[in-house]
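Sequential numbering of the sequence shown, starting at 146, is according to my numbering.
Worksheet: one structure, shown below.
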Amino acid sequence: MRETREEIDLEIKREQITGQLNSVHTLNSGFTITPFVAVVDDLPTLKQNFEVESILNIPIIPFLKTLEDDPDPNHKSIQEMHIFKFNEYIIWGASARILKQIVDIFKNNKLI
Numbered sequence: 146m147r148e149t150r151e152e153i154d155l156e157i158k159r160e161q162i163t164g165q166l167n168s169v170h171t172l173n174s175g176f177t178i179t180p181f182v183a184v185v186d187d188l189p190t191l192k193q194n195f196e197v198e199s200i201l202n203i204p205i206i207p208f209l210k211t212l213e214d215d216p217d218p219n220h221k222s223i224q225e226m227h228i229f230k231f232n233e234y235i236i237w238g239a240s241a242r243i244l245k246q247i248v249d250i251f252k253n254n255k256l257i
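Laid out in structure tokens, this is it:
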């Protein structure tokens, strides 16, 4: 939650958190990311810092259906790699591994 505030200027309150996903490790830097899922009714104007390339407003169900295996051999490792597509953007790496968890939850609950 601290990172969300620092990186995109979005304050998340504890009561907005609906769940926690499994931690994901970045392969190059070795960081551990512990993702949380929150519901925000009114999204304020977001301001990214230097760590954030772009902030995307994406319709979740159509976006999650773009899941595919990452074809880039430079992204291959001992871990399963995926990509998601939105317009001209390709989301890959740790972000895609986090989103894959959401796809699995949605599929297990027959939401997609």
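Using N, Cα and C, we set each Cβ at its ideal position, and we do this for glycine too.
Beta-carbon separation of residue i and residue j under 8 angstroms?
i, j, result
"residue 178", "residue 168", "yes"
"residue 228", "residue 237", "yes"
"residue 189", "residue 166", "no"
"residue 234", "residue 256", "no"
"residue 184", "residue 153", "no"
"residue 194", "residue 151", "yes"
"residue 239", "residue 171", "yes"
"residue 182", "residue 212", "no"
Mind checking who residue i pairs with in its DSSP beta bridge?
i, result
"residue 229", "236"
"residue 175", "In the DSSP output, where bridge partners are listed per residue, residue 175 has none listed."
"residue 169", "178"
"residue 213", "228"
Go to residue i, then tell me how far its beta strand (DSSP E) extends in each direction, as first and last residue.
i, result
"residue 181", "181–183"
"residue 162", "162–165"
The alpha helix (DSSP H) that contains residue i, what's its start and end?
i, result
"residue 208", "205–209"
"residue 190", "Looking at the DSSP string, residue 190 is not in any alpha helix (DSSP H), and its letter there is neither H nor E."
"residue 159", "Premise fails: residue 159 is in no alpha helix (DSSP H) and is neither H nor E."
"residue 153", "147–153"
Tell me, to the nearest whole angstrom, how far the beta carbon of residue i is from that of residue j; I am working on the premise that it is less than 8 angstroms.
i, j, result
"residue 191", "residue 155", "6 angstroms"
"residue 231", "residue 203", "5 angstroms"
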